[in-house]
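Enquirer: Quick one: this structure, given as structure tokens, is what I'll be asking you about.
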Amino acid sequence: MLRIDLLDTAIVRMSGRMTEGCREEVETFLASEPTLPGIIVDLSEVTYIDHAGEEALCWLGRRGAKFTAENPYALHMCGRLHLSMVEPGHRVRPASTKAGGISK
Numbered sequence: 048m049l050r051i052d053l054l055d056t057a058i059v060r061m062s063g064r065m066t067e068g069c070r071e072e073v074e075t076f077l078a079s080e081p082t083l084p085g086i087i088v089d090l091s092e093v094t095y096i097d098h099a100g101e102e103a104l105c106w107l108g109r110r111g112a113k114f115t116a117e118n119p120y121a122l123h124m125c126g127r128l129h130l131s132m133v134e135p136g137h138r139v140r141p142a143s144t145k146a147g148g149i150s151k
């Protein structure tokens with residue numbers, strides 16, 4: 048199951064497993080977001096990424112998203128996929144979620 052939360056206008060948190068169909072979910076969720084080139088995707092709560100998940104992350108990266116992660120697995124995947132990371136020490140977690148997300 049993948050959960051996507053919009054934490055504020057420029058931060059998206061993904062949680063869970065990025066598997067088959069997640070690219071469509073990500074595209075649908077972000078379709079109404081005009082700030083995609085400046086968006087930060089927090090992968091700290093992602094536990095698994097398969098080939099479809101990799102495609103979704105690369106799709107986001109090609110559109111200018113930057114990534115952050117706090118867990119070794121997500122950090123490894125970002126490095127392996129050559130995704131652009133936010134600068135170290137950049138705080139991306141606001142106090143609370145401002146908008147709900149979707150789950151698969």
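Numbering (the working numbering), first residue to last: 48 to 151.
All C-beta atoms in this analysis are idealised placements derived from N, C-alpha and C, irrespective of residue type, glycine included.
All of these numbers come straight from a predicted model, not from anything done at the bench.
(1) Quick one: using the 10 Å Cβ neighbour count with 16 as the cut-off for buried, is Asp89 buried or exposed?
(2) Please report the distance separating the alpha-carbon of Arg109 from that of Met132.
(3) Please go through the same chain and pick out, in chain order, the residues whose beta-carbon is closer than 7 Å to the beta-carbon of Gly126, but skip the five residues on each side of it.
(4) Report the three-state DSSP secondary structure of Val88 (helix, strand or coil).
(5) Could you check where the alpha helix (DSSP H) with Gly63 kicks off and where it finishes?
Expert: To lay it out plainly:
(1) Residue burial is scored here from C-beta neighbours: Asp89 has at least 16 other C-beta atoms within 10 angstroms and is therefore classed as buried.
(2) Rounded to whole angstroms, Arg109 and Met132 show a C-alpha spacing of 13 Å.
(3) Closer than 7 Å at Cβ, skipping near neighbours: no residue.
(4) DSSP places Val88 in strand when its eight states are reduced to three.
(5) Element bounds for Gly63: not the alpha helix (DSSP H) but the beta strand (DSSP E), Ile58 to Met65.
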